[in-house]
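In terms of numbering that gives the first Met the number 0, the sequence shown opens at residue 0 and continues consecutively.
A virtual CB, placed ideally from N, CA and C, is assigned to each residue, including glycine.
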Amino acid sequence: MASTSYAQSSIPFKMTQEGHIIIKAKVNDIEGNFIFDTGAGLTLITKAFSERIGKLHKQDGSFTGFRATGEQLTADLYDAHSLVIGTVIDKNPVLTIFDINLGSIDGLISLMSFKEQPFTIDYINKKIIFESDKSLSIIRKSGQQIPLQVNESRGKAITVFAYFRVNDNLTLQFSIDSGAGNDVYRMNSKFISPLSIDTVKANKLVIPSEFNPEVKTIIYQTNIKSITSKASSTVQCQNVKASFIDGLIYDGIVSLNWIGKRITFDLIRREMIVL
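Listed below in structure tokens is the structure:
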């Protein structure tokens, strides 16, 4: 369980060209570079980074989940002593290890360490701010509050969702995924017909999974008129390229960057506050 930061503090982050948020964190006192990923569900480290840490206690059980594309993944679970992100200290976190090459990135930090710690992603100043009760009260008075639906799976993984209107036609529940990169709008292909998408004119892609190249996903890319938060019409994007994906297990997935320049997550109250 993560300890709550009672005084406001922050850590800097870097942005990749693709729009991934890169932060420093320590697992068992070993520092690495991680993608801050609100869509990851479960915190992950690479096998190479785990070898730097040393032996981790492997749990007897495992966790089976699904990637958003429907690809099933079963992950072994490991117990670490600590995960430290600035002033946030997650004691005895559970994580998984994958033998995957992420270049200079050592893994993904999920929302599991922030169940009781509200935080703000500040794209302007490129920092993540750990909010206090006082600072959170000020933010709540000035920002647009958007309800979140929080899915906690077996106490091991967390995913957050919100409702959006697409083309002023459909109201869909989208996963909020900072790990998707910038300007990403993905929807289940079953909405192609209700949204009157012409697949003949769309760009068709077949993408192999980075975890299992034999698993391939069919994607149609085309422009859509608008995506608007159901709770706040000021949170909107227009004329964006969206991907319609066969087998997507959610209504859709959207990246975080377009929603606002400063976005606060309060998982205790299940809300996102946009400034």
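Test item: CB-CB of residue i and residue j under 8 Å
| i | j | result |
| --- | --- | --- |
| F62 | A156 | yes |
| E115 | I267 | yes |
| S9 | I128 | yes |
| S112 | V87 | yes |
| G40 | S254 | no |
| I108 | F35 | yes |
| S195 | F243 | no |
| D78 | L55 | yes |
| I226 | G38 | no |
Beta-carbon proximity list for residue i, same chain, < 6 Å, skipping 5 on both sides
| i | result |
| --- | --- |
| Q144 | E270 and I272 |
| I123 | K260 |
| K25 | V83 |
| Q172 | F160, Y162 and D250 |
| P117 | E130, L135 and D265 |
Secondary structure of residue i, DSSP reduced to three states
| i | result |
| --- | --- |
| K25 | strand |
| R185 | strand |
| A230 | coil |
| K215 | strand |
| G85 | coil |
| K39 | The question names Lys, but residue 39 in the sequence shown is Ala. Reduced to three states, the DSSP call for A39 is coil. |
| K140 | helix |
| L194 | coil |
| K125 | coil |
| K133 | helix |
| G31 | strand |
| L110 | helix |
CB-CB length for residue i against residue j, believed under 8 Å
| i | j | result |
| --- | --- | --- |
| I44 | G106 | 4 Å |
| N32 | I104 | 6 Å |
| V199 | I223 | Not quite, the Cβ-Cβ distance comes to about 16 Å (not below 8 Å), so this is no contact. |
| K57 | F97 | With 8 Å as the limit, K57 and F97 do not qualify as a contact, their Cβ atoms being about 14 Å apart. |
| T119 | T263 | 4 Å |
Boundaries of the beta strand (DSSP E) in which residue i is found, first to last residue
| i | result |
| --- | --- |
| D75 | Q71 to D78 |
| L204 | N202 to P207 |
| R290 | Nothing can be reported for residue 290: it is not among the residues displayed for the chain, which extend from 0 to 274. |
| H56 | H56 to F65 |
| I104 | That residue, I104, is in no beta strand (DSSP E); it is neither H nor E in DSSP. |
Proximal residues to residue i (C-beta, below 7 Å), its chain only, five neighbours per side dropped
| i | result |
| --- | --- |
| T170 | Y162, R164 and K229 |
| A201 | Y219, Q220 and T221 |
| N256 | G18, Y122, N181 and D182 |
| I258 | V234 and V273 |
| V149 | I157, V159, L266 and R269 |
The alpha helix (DSSP H) enclosing residue i, as first and last residue numbers
| i | result |
| --- | --- |
| S49 | K46 to I52 |
Residues of its chain near residue i, where Cβ-Cβ distance is below 8 Å and the 5 sequence neighbours each way are ignored
| i | result |
| --- | --- |
| Q7 | I128, F129, E130, S131, K133 and S134 |
| S208 | R66, T68, E70, V214, K215 and T216 |
| R153 | F62 |
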